[in-house]
Structure formats: structure tokens, C-alpha cells
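K.L.:
I'd like to ask you about the structure that follows.
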Amino acid sequence: MNSYCNDKVVVVTGAGGTLCSAIAIDMAKKGAKVVLVGRTREKLEKVAEEIGRAACPHAAVRIESADVTDEAAIADIARRVEAEWGPCRFLVNGAGGNNVKAMPTRLRFCEKDLQSSLSTSDTNVAVASGSLGVSENIASVQNLQDSKTPNGESNLNHVNPVNPVKKELPADRGFFDIDMEAFKSVLEINTLGTVIPSRIFALQMAKAGGGAILNFASMNTYRPLTRVAPYAMSKAAIANWTMFFAQYMAPAKVRVNAVAPGFMVNERSRGYLMTPDGGLSPRGEQVMHHTPMGRFGEAEDLLGCVNWLLDDSVSSFVTGITVPVDGGFLSSAGV
Ligand SMILES: NC(=O)c1ccc[n+]([C@@H]2O[C@H](COP(=O)([O-])OP(=O)(O)OC[C@H]3O[C@@H](n4cnc5c(N)ncnc54)[C@H](OP(=O)(O)O)[C@@H]3O)[C@@H](O)[C@H]2O)c1
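Reminder that position 119 of the sequence shown reads as 1020 in our numbering, one-by-one numbering, no gaps.
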């Protein structure tokens, strides 16, 4: 097959997810030997089945369930892949995510923040109050919607009055009462979860004479959205890391770039961008208002940019950049 990745090893982390499953399938169609990495084996098995069924029945696919922040586990995968298939030539660092325990329900500071347990001297209380038994999955956060005043403007300091936060979330939580352990875990998965596989697989690429790494930034890279501080911080860090590692690895002919997807509905974001009947949530409406192309993105919208950034024959002088694929979101002031 005549393609840039034919017979080459590509490692895709987060391969069980919405965006990177599409990338893995696309590269399998192009003849790559695809290593699917993620924590949940069943998700990866579904992608492998899809590759076998719809993409290319004879594709070389392997499933490796591991946490990308676990250096020993990723190094073990790298050793086995290299021994059996050869060196990794392409790495797609798609694993990432958020944690609802690290999210406030309020958007801005208000008097109630002064009553935060953090404002007392007993910091243990602060940790305990943040450690709510809430789901890790943002899909359960349908209720994290910006409430609106009757004139339709966001009522920034209040949760939706009909917000049935129920068991998943506290009815009202300010930034000073979020769980700092969850905050740290979001930073870790989105930053070290990219750095660790990059360090390990870049050495294989360097030994093999070159390769390309693709990282995942976000609209949060440029300006933080409300409520997702650690996610936004870590996605800003991805653009910075992409530049650092690009300049470091340039002599080894390893290019490092990133995509910054706009709003693409996935399992998690569906819950806060859309209503159960498929309409737009208030937050979804805000996003749409700021997206000149007037729609959410699809995983397939990324593929052209991803292939361009990975394919040496068309982007050999491109390294260290982050490319928005966002329907114009970044260009729109929304007014
Ligand atoms: N969708 C969007 O609108 C959007 C916008 C901007 C940026 N992004 C970024 O694009 C990337 C892919 O997003 P997506 O929409 O495809 O998300 P997704 O559907 O939630 O997929 C993310 C995948 O990452 C895996 N993962 C999470 N933590 C992991 C860990 N510690 N170790 C290994 N795997 C882990 C998850 O699987 P397991 O839980 O089974 O491990 C999941 O399958 C992410 O970095 C995301 O932040 C997405």
C-alpha cells in the first residue's frame, strides 16, 4: 500500500476514545501496524473489532491496556512492541480527560467562597469536604450547565435552579472547595500522560532514523473555559511541551506537533453540551454561539490535519506547532 504509514508502527494512546479511535482506524486503513493503548480493555477491543470489520480485515492491531502515567507499564509495552513489530515511528498522545471532583459548580467568586472550609485553618477539613463520592465521568454532569436569567444571559454565580445535581455533584461548590487530589490527577494525566510515552517512544524513533509525535491540546490551551482549571492548565502546558520537545528532538528527525480540537461531542461532553433529547444545553448553546461554522466537530474533521502533521512527505519542515481544528471558535469573540 502506498501510504506514509504503511507497515510502520503507530502507537495511539486514548485509542478507545472518540477522537483517537477514529485516528487509529484511519491509520490501520492506511496499512499501519497499530498499537491501541488505554486503561479499559473492552473499549480497545471494540476499536480492534471495528478495524477488523470495517477498515481492513488483515490489519495488524494490538491491544495494550495501561495507564499512560505509569512509566514502567509504558516502557514494557515499548519493549515488547519493538521486539515483535519493530520501532514505533508515530505516536499519537490522545489519552486525556477531566475529573468532576476538580470542578466547581459556581463560575465566579462570591461571598460564599469566604465560608469555604479552606478559609478555616484546618486544611484537612478542606480535603474531606472536597472528597465527595461523585462519579469521575463528566457524562454524569448533565447538570453542570450555565444557568440563565430570564433574559437569557448567564447567571454566573448560581447553578441552575432546577439543577437536579442529585447524587453526582454537590448542589453548590466554589473553587475553594474542589478536591485538590482530583486537581492533581487531572494535571498528571494530561501532562505526564503525554510526556511519559513521548520520552519512551521518541528514543525508538531516534534510533530508527526519525518519526513524528502528535499531541492533543484544546481550546483551553489559548483561554481557560470556566470550571475546568486543571484541564485548561494542562492543555496550555501541552502547547509549551510540544515546542520544547520539538526543538530538543529536531536533530534526531523526530517532529513534534499538536492539534487543538474545538468542541467535538464525546461520551463525556455529550452530557454537558446536549440535553437528553438531543438539543443543546445552555453551555452547548454558548459554544455554538462562539462557533462560526455552527456545529460541533466530528472525529473525522481532525483526520486531514492529523495526517498532514504526521506525514513527513508533506510536513517535513513543520515542528513545534499547535493547530486549531475548531470551526472558527478561536477566531470568534462571540459578539
Ligand atoms: N472531544 C473534544 O471536544 C476535545 C476537545 C479538545 C481536546 N480534546 C482532547 O482530545 C483527546 C481525545 O479526546 P476524546 O474526545 O477522544 O476523549 P475520550 O473519548 O474521553 O477518550 C479519551 C481516552 O483516553 C483514555 N484515557 C484517559 N486517561 C487515561 C490514562 N491515564 N491512561 C490511558 N488512557 C487514558 C480513556 O480511556 P480509559 O478511561 O479506558 O483509559 C479514553 O478512551 C483528549 O486528550 C482530550 O482532552 C478533546
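A virtual CB, placed ideally from N, CA and C, is assigned to each residue, including glycine.
Please state whether DSSP places M1194 in a helix, a strand or coil.
P.N.:
Here residue 1194 refers to the residue found at position 293 when the sequence shown is read from its first residue. Correct three-state label for M1194: coil.
K.L.:
Please determine if the stretch 1069 to 1088 and the stretch 1103 to 1122 are in contact, where contact requires at least 3 C-beta pairs separated by less than 8 Å.
P.N.:
Contact fails: fewer than three Cβ-Cβ distances are below 8 Å.
K.L.:
Please tell me whether, using a cut-off of 8 Å, the distance from the CB of E1168 to the nearest non-hydrogen atom of ligand 1 is below it.
P.N.:
Translated into positions along the sequence shown, residue 1168 becomes position 267. The answer is yes for E1168.
K.L.:
Report the three-state DSSP secondary structure of V938 (helix, strand or coil).
P.N.:
What you label residue 938 is simply residue 37 of the sequence shown in a count that begins at 1. In this structure, V938 counts as strand in the three-state DSSP scheme.
K.L.:
Is it right to say A1151 is buried, meaning 16 or more other beta carbons lie within 10 angstroms of its own, or is it exposed?
P.N.:
Stepping through the sequence shown from its first residue, residue 1151 is reached at position 250. A1151 is exposed by the Cβ-count criterion.
K.L.:
Taking Cβ positions, are T1098 and V911 nearer each other than 9 Å?
P.N.:
Within the sequence shown, residue 1098 is the residue found at index 197, counting from 1. Within the sequence shown, residue 911 is the residue found at index 10, counting from 1. Before going on, a small fix: residue 1098 reads as Pro here, not Thr. For P1098 and V911, no; Cβs fall outside 9 Å.
K.L.:
Taking only three categories from DSSP, how would you classify F1145?
P.N.:
Locating residue 1145 in the sequence shown gives position 244, where the first residue counts as 1. In this structure, F1145 counts as helix in the three-state DSSP scheme.
K.L.:
Would you be able to state if there are at least three C-beta pairs under 8 Å between the stretch 972 to 991 and the stretch 943 to 952?
P.N.:
Not touching, per the Cβ criterion.
K.L.:
Using a Cβ-Cβ cutoff of less than 8 Å, which residues in the same chain neighbour D1227 once the five nearest sequence positions on both sides are dropped?
P.N.:
As a working note, residue 1227 is residue 326 in the sequence shown. For D1227, where only same-chain residues beyond five positions count, the Cβ hits under 8 Å are M1120, A1161, P1162, G1163, F1164, T1192, G1198.
K.L.:
How should M902 be labelled, buried or exposed, when 16 other C-beta atoms within 10 angstroms of its C-beta is the threshold for buried?
P.N.:
One-based indexing of the sequence shown puts residue 902 at position 1. Per the 10 Å Cβ criterion, exposed.
K.L.:
Taking the straight line between their C-alpha atoms, what separation do you get for A929 and R1009?
P.N.:
For the purposes of this step, residue 929 is taken as the residue at position 28 of the sequence shown. For the purposes of this step, residue 1009 is taken as the residue at position 108 of the sequence shown. Rounded to whole angstroms, A929 to R1009 spans 45 Å at the Cα level.
K.L.:
Determine whether the beta carbon atoms of Y905 and K934 lie at a separation below 9 Å.
P.N.:
On the sequence shown, residue 905 is found 4 positions in, with the first residue counted as 1. On the sequence shown, residue 934 is found 33 positions in, with the first residue counted as 1. No, they are not a contact pair.
K.L.:
Got a sec? Which residues, its chain only, sit under 8 Å from H1190 by beta carbon, not counting five neighbours each side?
P.N.:
Position 289 of the sequence shown, counting from 1, holds the residue named residue 1190. G1235, listed in sequence order.
K.L.:
Within the 9 Å Cβ cut-off, does E965 reach chain C?
P.N.:
Reference to chain C is not applicable here, since this structure consists of a single protein chain.
K.L.:
Run the CB neighbour count on V1211, radius 10 Å, all protein chains shown included, and call it buried at 16 or more, exposed below.
P.N.:
Against the sequence shown, residue 1211 aligns to sequence position 310. Reading the sequence as shown, one finds Leu at residue 1211 and not Val. That one is buried.
K.L.:
For P1225, list the residues DSSP reports as bridge partners.
P.N.:
As a first step, residue 1225 must be located in the sequence shown, where it is residue number 324. DSSP output for P1225 lists A1161 as bridge partner(s).
K.L.:
Check this for me: beta carbons of P988 and K1108, under 9 Å apart or not?
P.N.:
The residue you call residue 988 lines up with position 87 of the sequence shown. The residue you call residue 1108 lines up with position 207 of the sequence shown. Yes.
K.L.:
What's the call for E1012, buried or exposed, on a 16-neighbour Cβ count within 10 Å?
P.N.:
As a working note, residue 1012 is residue 111 in the sequence shown. So E1012 ends up on the exposed side.
K.L.:
Cβ atoms of A1140 and T1092: under 9 Å apart, would you say?
P.N.:
Position 191 of the sequence shown holds residue 1092. Position 239 of the sequence shown holds residue 1140. Not a contact, by the Cβ cut-off of 9 Å.
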